[in-house]
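For the protein sequence lines, the chains are A and W, in the order given.
Anchor point for the first sequence: position 191 equals 300 in the numbering used here, and the numbering is continuous, going up by one each time.
Anchor point for the second sequence: position 189 equals 192 in the numbering used here, and the numbering is continuous, going up by one each time.
Written out below as structure tokens is the structure these notes cover.
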Amino acid sequence: MSEKPTPLRKRRGFIKAAGALTAASGLGFPFISRAEDKPIRVGVPTILSGRVAQLGISSTNAIQVEVDKFNAAGGLNGRKIEIIKRDSKGKPDEAANNARQLVNSDGCEIIINAESSAGAFAVQEVIRELKVLCIHTCSETSALSADPKIRVPTAFRACRQGIHDAIVSAAYAGNVAKAKGLKTWMSCSPDYAYGRDNTGLFIEYLKKFHPEVEVVGETWPKLFQADYTENITKILQVKPQALYSALWAGDLVSFIDQSAIYDLFSQTSLFAINMADYTTLTAVKSLPEGIHSATRYLKTYPASAENAAWGDGYKAKFGDYPTNWSWENALAVNFLTTALKKTNSTDGTKLADAIRGMKIKSPFGADGSITMRADDQTVIGYALGWGTTIPKEPYVPKITPGDWKSILEHEAEWKKKMGFA
Amino acid sequence: MDFQALVSCFSSASCVVTQTTGGLISGMLLFLVAAGLSLIFGTLKVTNFMHGSLYMLGAYFAYTLYNLTGSYTIAVVGAALGVGLFALIFERFFMSRVYNADVLMQLLVCYGFILILDDAVKIIWGPEFLSMGMPAAFKRPPILLAGGVLPVFYLFLIAITLAVAGALAFVLTKTRAGKIVRAAAINPTMTSALGINTALVFGGVFALGGLLAGLAGALAVPVRSMVAGMGFSILIESFIVTVIGGMGSVAGALVGALLIGLVRSFGTIGFPLFTEGIMFLFMTAVLIAKPSGLFGKDR
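If you want it as structure tokens, here you go:
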């Protein structure tokens, strides 16, 4: 005769069953249990508020797109990536503090550093100490990876680099200048480190590629300046044949809108390196035809089905096309996930060893692939070109691609000159 | 420094015309923001640290109204009135509670609203920068005068701003409402004892200040991109203008704004690497010569 279950017996039975299940889990499926409990936490210090919030938003959107793909494919033996982002508000000290807290307090094992250059240099020093893997995704300042004194063994750069931009830009501008007889040049770039570095390098290489060029003036608006009248009227006085500008985003839009009412571009050819990014191209309501620009992110360049699908997929998910920062962050996740699978580890040194010299297929590569160069831990082979704008899609229909052979030769000379090699 | 370029500019009619009108343009929009700031300080004796956010709201309101109606006139009038109404609500419900508090408390309230409004803009209009584009009526080639270039839209801005300055001067000096405002600014207790509702006067002045900032934002929006936080830079320049012109003086705000515009316009020719510095040096020189500002009353 079986005993009638009482509440006490029921509870004992439940406890035994739970105990047995726990023991079975511990013995039979220990790895699955651990995987479910512990995702791979990736910290993302970035700028999510203020005037440059678009940087952080479009960066983290792109990271999420690639992380979702990795997680949907099973992650790392079941371990999924969890993104934890922190807003530095564009302050380098907060960026460094955020990176430290992400590792020490939030349990992040990897950092994707979507900070601008000022924040990137601050985070680099934290990484030097913490020795976790870090991939910088928005800092284009060459010294971050080129200068051996600043370089860190576990830190990489998965974004374009200033010296690459300068060489390609000057080569294109030099050819246009020769063809159209543009001898007098002026610059109008934002008055901070990026604007000055970018413009200085461009002018240096422009003179190298086309020595007849004469720089007849310069004007340096503040970052986020609202009114460019004083700069535009100065350009009107100097009357250069060509104007180079490293203004970007809303500043470039304001500059173009304000210049248009002075009819500036009927007499001066504009070479705006940051024009060909969707947010800027679509924000200018009357985009002048014939502005020369480098490609930042265009779904039509590289002209591959993979790149078009990536741009359209991003737009379908977030309502806007990706930015320049988006592809750079997506690329970082691609390097990271490839290294995770290769090493089966989240150890900073092991991941760094795997990424150093790694070549991956990428929709953003000039030839369909991008390499993380081993000696200075920065990417090469990404798509980089120049063309002229039209006021509707595809915005820059014909693009002159940058020549990576030439870029690498001139970069090597530059490194020697700077004492970096 | 490039003295030669500056001398060369002054000897060229086209340069003088272009730089002068450029300076006037920069100064006029600055005047509208600074006039509101100065008016509020002069009457209520509080510094509205969120005045730049009202300028930002004016720009976004105008952008939305223009997209809804296609009329720039409706956009400008609607945005100015909308910001005026917002300023009135802000003054009645929040600012009026800290009139007698420490300036740090006033700063805290304003700073809180700066953050709230910036986030509200991001939620409503998005974090990316926006541009309205030039209304069709102003899409025409610039006028050439003595070789100088005068954009049609900027001539419209100068005319509107001068009209507003004139109307403001008339209301404040020639009308009963203006006399009440000036009386409330000098002695609010006595004004109140005479049966005048000073709370209404203060609310009205704050709303008028807000309306002017909103008007500036709406007038600027065809040529300036919009983004959350855009009010901060104009707030700093407006403070410089009010300090130069004299805190509380609308006439001082006009003169200060025009001087700053012209100093920057010609400074960029003669001192291309020190244009910002010149503006601050100019402010310092005024403060040393007349600490209360050009039109400020010595205390």
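Glycine included, each C-beta is placed from N, C-alpha and C at the ideal position.
Remember, predicted model here, so these are calculated numbers, not experimental data.
Where DSSP assigns a beta bridge to residue i, which residues make up the other side?
i: T404/A; result: A385/A
i: G496/A; result: S402/A, I508/A
i: L160/W; result: In DSSP, L160/W forms no bridge with anything.
i: A186/W; result: For A186/W, which the question treats as bridged, DSSP gives no partner whatsoever.
i: T293/A; result: E323/A
i: G152/A; result: I193/A, I220/A
i: H245/A; result: N222/A, R266/A
i: E478/A; result: The amino acid occupying residue 478/A in the given sequence is Ser; Glu does not appear at that position. Paired residues: K470/A.
i: S354/A; result: A381/A
i: G151/W; result: L148/W
i: Y410/A; result: L407/A
i: V488/A; result: M481/A
i: L133/W; result: M229/W
i: R188/A; result: L185/A
i: T102/A; result: Any property of residue 102/A remains undetermined from this structure, which presents chain A solely from 110 to 530.
Indicate whether at least one CB of chain W lies closer than 8 Å to the CB of residue i.
i: A205/A; result: no
i: I166/A; result: yes
i: S354/A; result: no
i: N383/A; result: no
i: L253/A; result: no
i: K198/A; result: no
i: L345/A; result: yes
i: W329/A; result: yes
i: K394/A; result: yes
Buried or exposed for residue i, please, with buried defined as at least 16 other CB atoms from any protein chain shown within 10 angstroms of its CB.
i: E398/A; result: exposed
i: G184/A; result: buried
i: G290/A; result: exposed
i: V106/W; result: exposed
i: R143/W; result: exposed
i: V10/W; result: exposed
i: F6/W; result: exposed
i: T192/W; result: exposed
i: P294/W; result: exposed
i: G466/A; result: exposed
i: N190/W; result: exposed
i: D476/A; result: exposed
i: N70/W; result: exposed
i: V325/A; result: exposed
Is any beta-carbon of chain A found at less than 8 Å from that of residue i?
i: I263/W; result: no
i: T176/W; result: no
i: F274/W; result: no
i: M282/W; result: no
i: F173/W; result: no
i: Q7/W; result: no
i: M305/W; result: Any property of residue 305/W remains undetermined from this structure, which presents chain W solely from 4 to 302.
i: S56/W; result: no
i: S313/W; result: Absent from the model: residue 313/W. The displayed extent of chain W is 4 to 302, so no value can be given.
i: V230/W; result: yes
i: C18/W; result: yes
i: G136/W; result: yes
i: P144/W; result: yes
i: R179/W; result: no
Whole-angstrom Cβ separation of residue i and residue j, contact assumed at under 8 Å?
i: I161/W; j: M31/W; result: 6 Å
i: K331/A; j: E279/W; result: 7 Å
i: V161/A; j: S214/A; result: Rounded, the Cβ-Cβ distance is 25 Å, inconsistent with contact.
i: A231/W; j: D121/W; result: 4 Å
i: K480/A; j: K468/A; result: Here residue 480/A is Thr; the residue named in the question, Lys, does not match the sequence. Indeed, because the Cβ distance is near 4 Å, the residues count as touching under 8 Å.
i: V151/A; j: C217/A; result: 6 Å
i: I308/W; j: G212/W; result: Any answer about residue 308/W is impossible in this case: the structure gives chain W only from 4 up to 302.
i: P411/A; j: G420/A; result: That pair is no contact at about 11 Å.
i: G255/W; j: G249/W; result: 4 Å
Please confirm whether residue i has its beta-carbon closer than 8 Å to some beta-carbon of chain D.
i: C12/W; result: As a matter of chain content, chain D is missing from the structure shown, whose protein chains are A and W.
- [ ] Report yes or no: do the stretch 87-100 of chain W and the stretch 22-37 of chain W share at least 3 C-beta pairs separated by less than 8 Å?
- [x] Touching, no.
Task: the stretch 111-118 of chain W in contact with the stretch 493-508 of chain A per 3-pair CB rule at 8 Å - done: The stretch 111-118 of chain W is not in contact with the stretch 493-508 of chain A.
Task: Touch test, the stretch 122-135 of chain W against the stretch 516-523 of chain A, Cβ-Cβ under 8 Å, three pairs minimum - done: When Cβ pairs closer than 8 Å are counted between the two stretches, the stretch 122-135 of chain W is seen not to touch the stretch 516-523 of chain A, the count staying below three.
- [ ] Decide yes or no for the touch test of the stretch 258-267 of chain A against the stretch 221-238 of chain A: beta carbon pairs closer than 8 Å, at least 3 of them.
- [x] Result yes; three or more Cβ-Cβ pairs closer than 8 Å.
Open item on the list: Would the stretch 174-185 of chain W count as touching the stretch 136-153 of chain W if we require 3 or more Cβ pairs under 8 Å?
Closed with: Judged by Cβ distances under 8 Å, the stretch 174-185 of chain W makes no contact with the stretch 136-153 of chain W, as fewer than three pairs qualify.
Open item on the list: Below 8 Å, how does it come out for the stretch 12-22 of chain W and the stretch 214-227 of chain W: are there three or more Cβ pairs, yes or no?
Closed with: In short, these stretches do not touch, since the Cβ pair count stays below three.
TODO: Would you be able to state if there are at least three C-beta pairs under 8 Å between the stretch 347-365 of chain A and the stretch 197-208 of chain W?
DONE: No, because fewer than three Cβ pairs between the stretch 197-208 of chain W and the stretch 347-365 of chain A fall closer than 8 Å, the two stretches do not touch.
Open item on the list: Would the stretch 156-171 of chain A count as touching the stretch 184-200 of chain A if we require 3 or more Cβ pairs under 8 Å?
Closed with: With the rule of 3 Cβ pairs closer than 8 Å, the stretch 156-171 of chain A counts as touching the stretch 184-200 of chain A.
Open item on the list: Under 8 Å, with one C-beta from each stretch per pair, do the stretch 128-136 of chain W and the stretch 356-376 of chain A reach the 3-pair mark?
Closed with: Contact between the stretch 128-136 of chain W and the stretch 356-376 of chain A is present: three or more C-beta pairs spanning the two stretches fall below 8 Å.
Open item on the list: Closer than 8 Å is the cut-off here; do at least three beta carbon pairs connect the stretch 52-63 of chain W with the stretch 79-92 of chain W?
Closed with: Yes: at least three Cβ pairs fall under 8 Å.
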